[in-house]
Amino acid sequence: MIILGIESSCDDTSVSVLKDGKILSVAVNTQLEHIAFGGVIPEIASRAHLKNFPAVLDRALSDAGACLKDIEAVGVTFGPGLVGPLLVGVNFAKGLAFSLKIPVVPVNHIEAHICANFIDHPGIEYPFIVLVVSGGHTEIIYVPEQGKYELCGKTRDDAAGECIDKVSKMLGLGFPGGKILDELAGQGDENFESFPRGMQNSSDFSFSGLKTSLKYYIEKHDKEFIQNNINSIAASFLDSVTASLVTKLFTAAEKYNCRTVLLAGGVSANSMLRSKISGTAAKKGVKFYYPSPKYCTDNAAMVAMTAHLKIKKYGIDKFRFDSALDAAPFVNLSE
Numbered sequence: 039m040i041i042l043g044i045e046s047s048c049d050d051t052s053v054s055v056l057k058d059g060k061i062l063s064v065a066v067n068t069q070l071e072h073i074a075f076g077g078v079i080p081e082i083a084s085r086a087h088l089k090n091f092p093a094v095l096d097r098a099l100s101d102a103g104a105c106l107k108d109i110e111a112v113g114v115t116f117g118p119g120l121v122g123p124l125l126v127g128v129n130f131a132k133g134l135a136f137s138l139k140i141p142v143v144p145v146n147h148i149e150a151h152i153c154a155n156f157i158d159h160p161g162i163e164y165p166f167i168v169l170v171v172s173g174g175h176t177e178i179i180y181v182p183e184q185g186k187y188e189l190c191g192k193t194r195d196d197a198a199g200e201c202i203d204k205v206s207k208m209l210g211l212g213f214p215g216g217k218i219l220d221e222l223a224g225q226g227d228e229n230f231e232s233f234p235r236g237m238q239n240s241s242d243f244s245f246s247g248l249k250t251s252l253k254y255y256i257e258k259h260d261k262e263f264i265q266n267n268i269n270s271i272a273a274s275f276l277d278s279v280t281a282s283l284v285t286k287l288f289t290a291a292e293k294y295n296c297r298t299v300l301l302a303g304g305v306s307a308n309s310m311l312r313s314k315i316s317g318t319a320a321k322k323g324v325k326f327y328y329p330s331p332k333y334c335t336d337n338a339a340m341v342a343m344t345a346h347l348k349i350k351k352y353g354i355d356k357f358r359f360d361s362a363l364d365a366a367p368f369v370n371l372s373e
């Protein structure tokens, strides 16, 4: 079966083609308009999606050597995310599905990030614990089987990726900050400073205290000190972020007696986080999987894969064209 995946939950316009569980193509248009604002502006993102989708669709089909009449189902992100961008993607998918007389598979954005792991690792066995960490979400989830999710812990305030972006802006490094801080940290000493780790006795996370600590730290020291020690400050900051994530991930794995852990979401591309989880997993004899970097950030390949797995489990007859399908910006993973 050939499935078209559509993703527009934030500022990335993406379309992917999947055939029988294999990704044939994935096209992504990342909007650069938001850099000047230091964050994503929903109205600008929505208008850009409207403009970009036709060309991104054409590129995905061309790269896959396919045409629209070959598509047998459409998977689309319906939430959570920004309501305007989600509406553009959902309506684009519905228009295609209606014209082609094919079913639409609604895909939860968080579930898609989790299922991105199956693109490169189709043999992952259940049950497993997954850490979903991005600019909008930080959650640890127990997954006993395909489509079943139990929340083990989540952030009480800022998401880890949000905290990283804000600290990057404080340091004058720009937005988004994940890749920049990761590169700097690779050249620094993570023991240079000791920053706080929130909610150490809870399964939940808190990064607002860490963010505030960095704010005061930057204000306390002069610009020359910050500039001269930027690599080690970045490393020490990321050490605090990742230590909290790793500790709680393996605490959940032990609680549920899981011998497999997964990493998902945009921050899963962070090299320090991957390294710390990998090292701990090796010591504990736990299997560890994570997506390729190109599947960590928002993309339609993970949407197409999720639709494929849902059809594989429930059958194509469970899904149909639904004109009532709407964006759900605050939907939970279990809904």
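In the numbering used here, the protein residues as written are 39 to 373.
Note that the Cβ used here is the ideal one computed from N, Cα and C, for glycine as well.
Just so it is clear, the structure is predicted and the values come from calculations on it, not from any experiment.
Practice item. Could you tell me if the beta carbon of Phe91 falls within a distance shorter than 7 Å of some heavy atom in the ligand NAD? Key: This structure lacks the ligand NAD, and indeed carries no ligand of any kind.
Check your understanding: Between Ile44 and Ala338, is the Cβ-Cβ spacing less than 8 Å?
Key -> Between Ile44 and Ala338, the gap from beta carbon to beta carbon is short of 8 Å.
**Study point:** Coarse secondary structure for His72, derived from DSSP in three states
**Key:** Residue confidence is low: His72 scores 48 on pLDDT, short of 50, so the model does not pin down where it sits. Its coordinate-derived value is still stated next. If DSSP states are grouped into helix, strand and coil, His72 belongs with coil.
Check your understanding: Which word fits Pro123, buried or exposed, when buried means at least 16 other C-beta atoms lie within 10 angstroms of its C-beta?
Key -> In the assembly as shown, Pro123 is a buried residue. Its beta-carbon has 16 or more other beta-carbons within 10 Å.
Point to revise | the stretch 93 to 105 / the stretch 48 to 63 touching (three or more Cβ pairs under 8 Å) | key: Cβ pair count under 8 Å is three or more, so yes.
Review point. Contact between the stretch 138 to 145 and the stretch 110 to 126: three or more CB pairs below 8 Å?
Key: A contact is defined here as three or more CB-CB pairs under 8 Å, and the stretch 138 to 145 meets this definition with respect to the stretch 110 to 126.
**Study point:** Residue from Phe136, Thr51, Asp50 whose Cα sits closest to the Cα of Leu363
**Key:** Of the candidates Phe136, Thr51, Asp50, the residue whose Cα lies closest to the Cα of Leu363 is Phe136.
Review point. Where does Cys190 fall in DSSP's three states?
Key: It is a strand residue.
Review point. What first and last residue would you give for the beta strand (DSSP E) that runs through Tyr180?
Key: Element bounds for Tyr180: 176 to 183.
Point to revise | N-terminal and C-terminal residue of the beta strand (DSSP E) that Ser52 is part of | key: It spans 50 to 57 - the beta strand (DSSP E) in which Ser52 sits, taken as one unbroken run.
Point to revise | Cβ neighbour criterion (16 or more within 10 Å) applied to Asp158 | key: Burial call: exposed.
Point to revise | the stretch 259 to 273 in contact with the stretch 225 to 237 per 3-pair CB rule at 8 Å | key: By the Cβ criterion, the stretch 259 to 273 is in contact with the stretch 225 to 237, since at least three pairs of Cβ atoms, one from each stretch, lie closer than 8 Å.
Review point. Which class does Tyr327 belong to by DSSP, given the choice of helix, strand or coil?
Key: Correct three-state label for Tyr327: strand.
Point to revise | Supposed close pair Gly11, Phe243 - CB separation, criterion 8 Å | key: Coverage of the chain is limited to positions 39 through 373, which leaves residue 11 absent and any answer about it impossible.
**Study point:** Test item: CB-CB of Thr352 and Asn155 under 8 Å
**Key:** One detail in the question is off: residue 352 reads as Tyr in this sequence, not Thr. Annotated as distal: Tyr352 and Asn155, with beta-carbon spacing of 8 Å or more.
**Study point:** Spatially closest choice to Gly185 from Phe368, Ile349, Ile354, by CA coordinates
**Key:** Here the closest residue by C-alpha is Ile349.
Check your understanding: Rounded to the nearest angstrom, how far is the Cβ of Gly303 from that of Val171, given a contact under 8 Å?
Key -> Rounded, the Cβ-Cβ distance is 5 Å, consistent with contact.
**Study point:** With 16 other Cβ atoms within 10 Å as the buried cut-off, status of Asp58
**Key:** In summary, Asp58 is exposed, with fewer than 16 beta-carbon neighbours lying within 10 Å of its beta-carbon over all protein chains present.
Exercise for review: Just tell me which of Phe130, Gly117, Lys107 has its CA closest to the CA of His175.
Suggested key: It is Gly117.
**Study point:** N-terminal and C-terminal residue of the alpha helix (DSSP H) that Phe91 is part of
**Key:** First-last of the alpha helix (DSSP H) with Phe91: 80 to 102.
Review point. CB-CB under 6 Å to Ser46, same chain, minus the five flanking residues each way: which ones, in chain order?
Key: Closer than 6 Å at the Cβ level, and outside the excluded window around Ser46, lie His87, Pro123, Val126, Gly127.
Review point. What are the start and end residues of the alpha helix (DSSP H) that includes Thr250?
Key: Element bounds for Thr250: 246 to 258.
Practice item. Mark Lys249 as exposed unless 16 or more other C-beta atoms lie within 10 angstroms of its C-beta, in which case mark it buried. Key: Lys249 is buried by the Cβ-count criterion.
Check your understanding: So who's on the other strand from Leu301, going by DSSP bridges?
Key -> Bridge partners of Leu301: Leu169.
**Study point:** For Glu262 and Ser241, the rounded distance between their alpha carbons
**Key:** Rounded to whole angstroms, Ser241 to Glu262 spans 38 Å at the Cα level.
**Study point:** Gly173 versus Ser313 - alpha carbon distance
**Key:** Using only the alpha carbons, I get a separation of about 20 Å.
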